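For the protein sequence lines, the chains are X and F, in the order given.
Reading the first sequence from the start, the letters are residues 1 to 450 in UniProt numbering.
Reading the second sequence from the start, the letters are residues 1 to 450 in UniProt numbering.
Beta carbons: idealized from backbone N, C-alpha and C, even for Gly.
If you're wondering where the values come from, they're calculated on a predicted model, not measured in any experiment.
Accompanying notes for the structure given below.
Number of protein chains: 2
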Amino acid sequence: MGADRFLVIGGDAAGMSAAAQTRRLRGASDLAITVLEQGPDVSYSACGIPYWVGDVVSDRDRLIARTPHEFAAQDIDVRTGTRAEAIDLDAGTVRTVDGQTLGYDHLLVATGGRPLRPPVPGLDADGVHGVHRLADGADIRAAVAAGARRAVVLGGGYIGLEMADVLHARGLAVTVVLADPLPMALLDADMGERVCKAIGDMGIDVQPDQPVREIETDADGVVRAVRTDAGSYPCDLVVLGLGMGPEVSLARDAGLRLGETGAIEVDRTMRSRSHPEVFAAGDCVQTFHRLTGEPAHVALGTHANKQGRVVGSVVGGRAARFAGVLGTALTAVGELEIGRTGLCTTQAEAAGYDVRAETIEGTTRAGYFPGAAEIAVKLVSDRGSGELLGAQVVGGPGSGKRIDVLATAIWAGLTAEEFAGSDLSYAPPFAPVHDPVLVAARVASRAERG
Amino acid sequence: MGADRFLVIGGDAAGMSAAAQTRRLRGASDLAITVLEQGPDVSYSACGIPYWVGDVVSDRDRLIARTPHEFAAQDIDVRTGTRAEAIDLDAGTVRTVDGQTLGYDHLLVATGGRPLRPPVPGLDADGVHGVHRLADGADIRAAVAAGARRAVVLGGGYIGLEMADVLHARGLAVTVVLADPLPMALLDADMGERVCKAIGDMGIDVQPDQPVREIETDADGVVRAVRTDAGSYPCDLVVLGLGMGPEVSLARDAGLRLGETGAIEVDRTMRSRSHPEVFAAGDCVQTFHRLTGEPAHVALGTHANKQGRVVGSVVGGRAARFAGVLGTALTAVGELEIGRTGLCTTQAEAAGYDVRAETIEGTTRAGYFPGAAEIAVKLVSDRGSGELLGAQVVGGPGSGKRIDVLATAIWAGLTAEEFAGSDLSYAPPFAPVHDPVLVAARVASRAERG
Numbered sequence: 001m002g003a004d005r006f007l008v009i010g011g012d013a014a015g016m017s018a019a020a021q022t023r024r025l026r027g028a029s030d031l032a033i034t035v036l037e038q039g040p041d042v043s044y045s046a047c048g049i050p051y052w053v054g055d056v057v058s059d060r061d062r063l064i065a066r067t068p069h070e071f072a073a074q075d076i077d078v079r080t081g082t083r084a085e086a087i088d089l090d091a092g093t094v095r096t097v098d099g100q101t102l103g104y105d106h107l108l109v110a111t112g113g114r115p116l117r118p119p120v121p122g123l124d125a126d127g128v129h130g131v132h133r134l135a136d137g138a139d140i141r142a143a144v145a146a147g148a149r150r151a152v153v154l155g156g157g158y159i160g161l162e163m164a165d166v167l168h169a170r171g172l173a174v175t176v177v178l179a180d181p182l183p184m185a186l187l188d189a190d191m192g193e194r195v196c197k198a199i200g201d202m203g204i205d206v207q208p209d210q211p212v213r214e215i216e217t218d219a220d221g222v223v224r225a226v227r228t229d230a231g232s233y234p235c236d237l238v239v240l241g242l243g244m245g246p247e248v249s250l251a252r253d254a255g256l257r258l259g260e261t262g263a264i265e266v267d268r269t270m271r272s273r274s275h276p277e278v279f280a281a282g283d284c285v286q287t288f289h290r291l292t293g294e295p296a297h298v299a300l301g302t303h304a305n306k307q308g309r310v311v312g313s314v315v316g317g318r319a320a321r322f323a324g325v326l327g328t329a330l331t332a333v334g335e336l337e338i339g340r341t342g343l344c345t346t347q348a349e350a351a352g353y354d355v356r357a358e359t360i361e362g363t364t365r366a367g368y369f370p371g372a373a374e375i376a377v378k379l380v381s382d383r384g385s386g387e388l389l390g391a392q393v394v395g396g397p398g399s400g401k402r403i404d405v406l407a408t409a410i411w412a413g414l415t416a417e418e419f420a421g422s423d424l425s426y427a428p429p430f431a432p433v434h435d436p437v438l439v440a441a442r443v444a445s446r447a448e449r450g
Numbered sequence: 001m002g003a004d005r006f007l008v009i010g011g012d013a014a015g016m017s018a019a020a021q022t023r024r025l026r027g028a029s030d031l032a033i034t035v036l037e038q039g040p041d042v043s044y045s046a047c048g049i050p051y052w053v054g055d056v057v058s059d060r061d062r063l064i065a066r067t068p069h070e071f072a073a074q075d076i077d078v079r080t081g082t083r084a085e086a087i088d089l090d091a092g093t094v095r096t097v098d099g100q101t102l103g104y105d106h107l108l109v110a111t112g113g114r115p116l117r118p119p120v121p122g123l124d125a126d127g128v129h130g131v132h133r134l135a136d137g138a139d140i141r142a143a144v145a146a147g148a149r150r151a152v153v154l155g156g157g158y159i160g161l162e163m164a165d166v167l168h169a170r171g172l173a174v175t176v177v178l179a180d181p182l183p184m185a186l187l188d189a190d191m192g193e194r195v196c197k198a199i200g201d202m203g204i205d206v207q208p209d210q211p212v213r214e215i216e217t218d219a220d221g222v223v224r225a226v227r228t229d230a231g232s233y234p235c236d237l238v239v240l241g242l243g244m245g246p247e248v249s250l251a252r253d254a255g256l257r258l259g260e261t262g263a264i265e266v267d268r269t270m271r272s273r274s275h276p277e278v279f280a281a282g283d284c285v286q287t288f289h290r291l292t293g294e295p296a297h298v299a300l301g302t303h304a305n306k307q308g309r310v311v312g313s314v315v316g317g318r319a320a321r322f323a324g325v326l327g328t329a330l331t332a333v334g335e336l337e338i339g340r341t342g343l344c345t346t347q348a349e350a351a352g353y354d355v356r357a358e359t360i361e362g363t364t365r366a367g368y369f370p371g372a373a374e375i376a377v378k379l380v381s382d383r384g385s386g387e388l389l390g391a392q393v394v395g396g397p398g399s400g401k402r403i404d405v406l407a408t409a410i411w412a413g414l415t416a417e418e419f420a421g422s423d424l425s426y427a428p429p430f431a432p433v434h435d436p437v438l439v440a441a442r443v444a445s446r447a448e449r450g
C-alpha cells in the first residue's frame, strides 16, 4: 500500500496554505501531497500587483512568497503549468489537460477567482487588463513602459482605486468609471463621498453613475475609449477593477453544488455541502458573515489562507473550522486610508437591525503633534441592544489600521458602550487622549440612550 | 435658595472632564460649577511635555487643550492659582490658602499625581526636574537652551524613555539609570531586552541594576553628577522618570481612606469608599484591573478623562461607572514603538494563572513592501482556558498602535483561538497577509493544545 494521497487543485493562498499545514501534521511517508497549478507561479500576492505596476515594488519575484522548489523541500509536489480539466468524483480522479489522470484520497478545490467583466462589446480588445495573475501586472507595466498616457479604470472597489492611484502616480491621466454613485460600494454614502472628493482632489477623474456600454477599439482591435451613456473617455489602457467572482467551472462540471453567491457551498470545515468528501477553499467558495450568518463571497487572501489552513488541519487529523468573515477591507489611495468592517447601514437594515449610525471627526495623533491627520470614523450599531455592527474609517496616515480595533470589537460582540470604556493606548505621537474610535463609540452609546 | 454647587479641586484631565460633562447635563441655573487649580493652567497635556522639550512641538500653548476663558463661556468658574488647603467634610466646605472658604453640595477631589522621587540626598539640587507641570517643561527647555550637555534620566518607564529620546535628539549625551535590570518594567524580560538593545544602538547609554544613591552637587547646589554603587555619571541635568504617585495629602488630611496603592479608594462610580458623598478621580485614585479585579494605580490622562466623565455623568443625574484598566501603554523612542496591555508574565503568575507566553517576529507590512519594519508580538494567555491575558509589541513604525487590537481582544475576554480567527484587515501597505497579531494568536492557540 502506498501513502494516502492529498491532491490540491490551485496553488495560490488557499491551496498552498492547506498543503503546508497538512505537511506540518503528517509526514511524507504517511501522506503524499500534490498541487496542480495552471499558471507559472504559486503563492504569489495578487494584492501586490498594483504596487508592482506602480513601481513601489520593482521586482516581480518579491511578490512570490514561496517557490515550487521551496515547497519541494517539504515534500510537496507542485506541478505548475498543469491545468486540471475534469474531476471524476465517483472514480476519485482528476484529469489534466495534458492527459494525466491523478487519483486522490483527499481533494481540495482551490481554483480561486476571476476578475468580473461587464457584459459589453470590446472587452477582449488589446489593452484591456484584469488585475489577477502576475502576467496581468506584467502586461500593464509593459503598456505603461510603451507610453500609455490615458487609463480608464472600470470600478471603484479597492483594486480599482489602487490601480487608479498607481497609474496616476506614474503620470497617466486616469479616469475611474463607476456604475455606482460612489466608489467603495460597501461604505455608507457619507463616507464614500469623502473618498470621492479626496481622490478627485488628487487629480483622478471620477465619473459616477455610468455603467460602461462599450469598449471602443481601433481597426487593429486596440482599445481607444470607454463609452458610457454620458460620454466617451479616450484611453490607451483599460483596467478591470470590478472585483473578483469565484472560478467554479471545474467544480460545477464535477457536480459540486454552488450557493446563491455563485461560489461553491461549503460547511465550516470547508467540506463541500453536496459532496463532503471534497474540500474547497479560497476565492472559489461561499463563506458566511459572522454577524448575520448569511452567505457571502469575499475574495481576499487573508480568508483564503485561513480557510486553506482549516483544510490542512482537518486532512492532518486535527479539528478546525472557519469562523466567518466581517468583510473587513483596507486600502490606501495616495495618503488617504480607507477601511471598513462588518455591516454598512444598508446591509444592517437589510439584515433586520434597528440601525443607528453616527460619524465623528477627529485626528490621528494629539492635535498639537506634527503629522496629526484628519480621520472620520463611522459606527453602525443596533439601537436596541447597542451591539456594534459595522465600522468605517476614512482619513490620513494612521487612520486605516484602526479598523482592526473596531473589527475586533465587532468580532467579540461588544456593544458600543462596552467598547467605549475599553483601555486603548494613548500617547501624543499615536493618538489624542480620546482616540477617535472611542469617541465614535461614546457618541454611539450616548445615541442609544436618547 | 441658590443653585446646587459642584466644587472641583484640580483642573486637569479628570477635573475638567467632570466639569464639562456635568455642564452638558445640567444648566447654569440648576448647578454652579467651580474649579480650584493651584497652577496657572488647566486642561494641559503633561504627556506632551517631552515633545515640547524636544521641540517637536514648539509652542507651549499648543499643549493646552482649553483655557479658563473657554470654560467660563460654559459657565464653569475656573480659579487658577488657587490652592485648596483643607477639606472639612462635616461642614461641607473647602478652605483655600488665600483664606477663602467655599461650600459645596458635590465635591470632586482631582488632585492628580506627583513625580516619584528616590529617597536620596541632593534631590532638591538645582538642575533636577520632574516631568509634570508645564513649568517643568519650561525649566528643562531653559536648561537645554543654556547649554546643558549631559543629562541623566532616572527611570526607564515611558516618560523616562521619551525624555531620554528627545534630549538625545537635541544633542545631549544621555544616560538612563535604572534600578531595575531593564527599562519598561511592565514588559517581560525578552521584550525589555529588545527595547534596551534598540535604545543602546541609538546612542543612549543605559545603566541597569543601579539604584541611585546620591545626586552630587557643586558648592552652589547645582547638580554635578548622579552616583550609584557602580559609578558616578557626570551631568548638568537630571530628569525624574520614575513614574507618578498619587497626590493625596489633601484627601488624607480630610480623612478619605487610601487603598493599598496609596491612592484614594473609590467605587466604580468614583465615590470615595469611606465617604461616598465625595468623588475622586484621575491620578489621585486607586482603580482596579479589568482582569483580576485587583487594586491598581495607573496615572494616565486617558483614565483620568474617563473617570472624570463618570463623575460628571453621576453629578449630572445619569448612571455611569468606570470599567477598569488593562494597563495599556504606548510610547516611541526614535523609530522604535513599544506597547503593552493587560498582564505581563509575572503579573499573570502572581494572579494565579497557568501562564503560557509566546513571542513571534514578523513585519508591519507585506515583506516586499517598502517600509516594512520588524515587529515582535508577545501574548500572555491562560493555558487552561486559552483566555488572552496580556500582550506586548516592540518594533518599527506601524507596530505600536497594534496594541489596541490586542487590548480590545483582552477587554472582550476572547481566547487566543477566538481572536486568531478574527477578520483583521489585509493590504500590502499595512500588513502581511497574516497580520503579526494574528500569527501570535495562532501560535498561542496552538500552544494551548500541545
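State yes or no: is the C-beta of residue i within less than 8 angstroms of the C-beta of residue j?
{"i": "C235 of chain X", "j": "A304 of chain X", "result": "no"}
{"i": "V174 of chain X", "j": "I204 of chain X", "result": "yes"}
{"i": "T359 of chain X", "j": "A391 of chain X", "result": "no"}
{"i": "G327 of chain X", "j": "L108 of chain X", "result": "no"}
{"i": "A351 of chain F", "j": "T292 of chain F", "result": "yes"}
{"i": "V405 of chain F", "j": "V437 of chain F", "result": "yes"}
{"i": "P370 of chain F", "j": "G48 of chain X", "result": "no"}
{"i": "L336 of chain F", "j": "A441 of chain F", "result": "no"}
{"i": "A366 of chain X", "j": "A372 of chain X", "result": "yes"}
Along chain F, in chain order, which residues have C-beta atoms closer than 8 angstroms to that of residue i?
{"i": "K306 of chain X", "result": "G421"}
What does the Cβ neighbour count give for residue i, buried or exposed, with the cut at 16 atoms within 10 Å?
{"i": "G27 of chain X", "result": "exposed"}
{"i": "P181 of chain X", "result": "exposed"}
{"i": "H69 of chain X", "result": "exposed"}
{"i": "V222 of chain X", "result": "exposed"}
{"i": "G262 of chain F", "result": "exposed"}
By the DSSP assignment, the alpha helix (DSSP H) with residue i in it spans what residues?
{"i": "H69 of chain F", "result": "68-72"}
{"i": "S249 of chain F", "result": "249-254"}
{"i": "E294 of chain F", "result": "That residue, E294 of chain F, is in no alpha helix (DSSP H); it is neither H nor E in DSSP."}
{"i": "Y158 of chain X", "result": "158-169"}
{"i": "K306 of chain X", "result": "301-315"}
{"i": "V405 of chain F", "result": "402-411"}
{"i": "V195 of chain F", "result": "189-201"}
List the residues of chain X that residue i touches, going by C-beta distances under 9 angstroms, in chain order.
{"i": "T302 of chain F", "result": "D423, L424, S425, Y426, A431, V433, H434, D435, L438"}
{"i": "R170 of chain F", "result": "Under the 9 angstroms cutoff, chain X gives no residues; its nearest Cβ is about 16 angstroms from R170 of chain F."}
According to DSSP, is residue i part of a helix, a strand, or is it coil?
{"i": "P50 of chain X", "result": "helix"}
{"i": "M244 of chain X", "result": "strand"}
{"i": "G450 of chain F", "result": "For G450 of chain F, the pLDDT reaches just 36, beneath the cut-off of 50, and the residue's location in the model is therefore unreliable, leaving the point undetermined."}
{"i": "Y426 of chain F", "result": "coil"}
{"i": "P181 of chain F", "result": "coil"}
{"i": "F419 of chain F", "result": "helix"}
{"i": "V131 of chain F", "result": "coil"}
{"i": "P436 of chain F", "result": "helix"}
{"i": "L25 of chain X", "result": "helix"}
{"i": "G339 of chain F", "result": "strand"}
{"i": "E349 of chain F", "result": "helix"}
{"i": "L63 of chain F", "result": "helix"}
{"i": "G15 of chain X", "result": "helix"}
Mind pulling the chain F residues with CB within less than 9 angstroms of residue i?
{"i": "S45 of chain X", "result": "A366, Y368, P428, V433"}
Below 7 angstroms on C-beta distance, what does residue i contact in chain F?
{"i": "D188 of chain X", "result": "By Cβ distance, chain F contributes nothing, its closest Cβ being about 18 angstroms from D188 of chain X, past 7 angstroms."}
List the residues of chain X whose Cβ lies closer than 7 angstroms to the Cβ of residue i, in chain order.
{"i": "A441 of chain F", "result": "By Cβ distance, chain X contributes nothing, its closest Cβ being about 11 angstroms from A441 of chain F, past 7 angstroms."}
{"i": "A376 of chain F", "result": "Those do not exist, as A376 of chain F stays about 17 angstroms from chain X at its closest Cβ, beyond 7 angstroms."}
In terms of residues, what are the limits of the beta strand (DSSP E) holding residue i?
{"i": "E277 of chain X", "result": "Element bounds for E277 of chain X: n/a, residue is neither H nor E."}
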